[in-house]
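When the count follows the numbering used here, it moves up by one through the sequence shown with no breaks and lands on 174 for the last residue. Input: a single structure, listed below in structure tokens.
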Amino acid sequence: MISREEITCIGHFNKTHGINGEISATINSPLNVMDDCKCLVCNIDGIFVPFFPSNVRQKTSESMLITIDGITNETEAEMLVNKDIFVLTSDYASKVKDDDEVPVDFFVGFDTLVNDELHGKVTNIDDSTANVLFVITLDDEKELLVPAVDQFISEIDIDKRFISFDIPQELLEL
């Protein structure tokens, strides 16, 4: 079974395209993430389900047309409309270069160190407001909300799935 910590959101399916099951998708990551991707994952009724792309072609600089194995008509493709698209984080990390911007969702599941003293894990992303926040569950089960901005991140190690934060003490006390 695929867990939330194993996947990274890269975009969402918009609408069906034609009558043969092709689906238009907006991708908010570098488009090369789709190259040789093992599978695309969608949340279907609370379960992360893998889908295997048989054809992917670029439509615009931010969108693609995707054909999925086993989906052969517009009716079958409708089940994916408005669903977020995830890829396996291991596939994503192998395609992203250091200078590429990655979606903040990529860091869910990363171990953390806050101000060289608090250990935890990024368990979620709160993007309900304009200020996107990392939700960090500390080892003592307390939750810490940290703004997802470069100035608070002191180190990222993608291979070790680790982020070190250096944040003002005032934010820890909120």
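We treat Cβ as the ideally placed atom computed from N, Cα and C, and that holds for glycine.
Task: Leu88 and Ile23 closer than 7 Å at C-beta - done: Cβ distance not < 7 Å, so Leu88 and Ile23 don't count as in contact.
Task: First and last residue of the uninterrupted alpha helix (DSSP H) at Ala77 - done: Per DSSP, Ala77 belongs to the alpha helix (DSSP H) from Glu74 to Ala77.
Open item on the list: Quick check on Asn55: does DSSP put it in helix, strand or coil?
Closed with: Note: Asn55 maps to strand in three-state DSSP.
- [ ] Work out the CA separation of Leu172 and Glu5 for me, nearest whole Å.
- [x] Their backbone Cα atoms lie some 25 Å apart in a straight line.
Open item on the list: For Leu138, report the span of its beta strand (DSSP E) as first-last.
Closed with: In the DSSP assignment, Leu138 falls within the unbroken beta strand (DSSP E) covering Leu133 to Leu138.
TODO: Under 8 Å Cβ to Cβ from Ile68, same chain only, skipping five residues before and after it: list those, please.
DONE: Excluding the 5 residues flanking it on each side, Ile68 has same chain C-beta neighbours closer than 8 Å at Gly21, Ile23, Leu40, Phe51, Phe52, Pro53, Ser54, Ala77 and Leu80, in chain order.
Task: Opposing strand residues paired with Lys121 [DSSP bridges] - done: Answer is Asp111 and Thr137, bridged to Lys121.
Task: contact_flag[the segment 55 to 75, the segment 122 to 141] where n(CB pairs < 8 Å) is 3 or more - done: In this structure the segment 55 to 75 does not lie against the segment 122 to 141, because fewer than three pairs of beta carbons, one per stretch, are closer than 8 Å.
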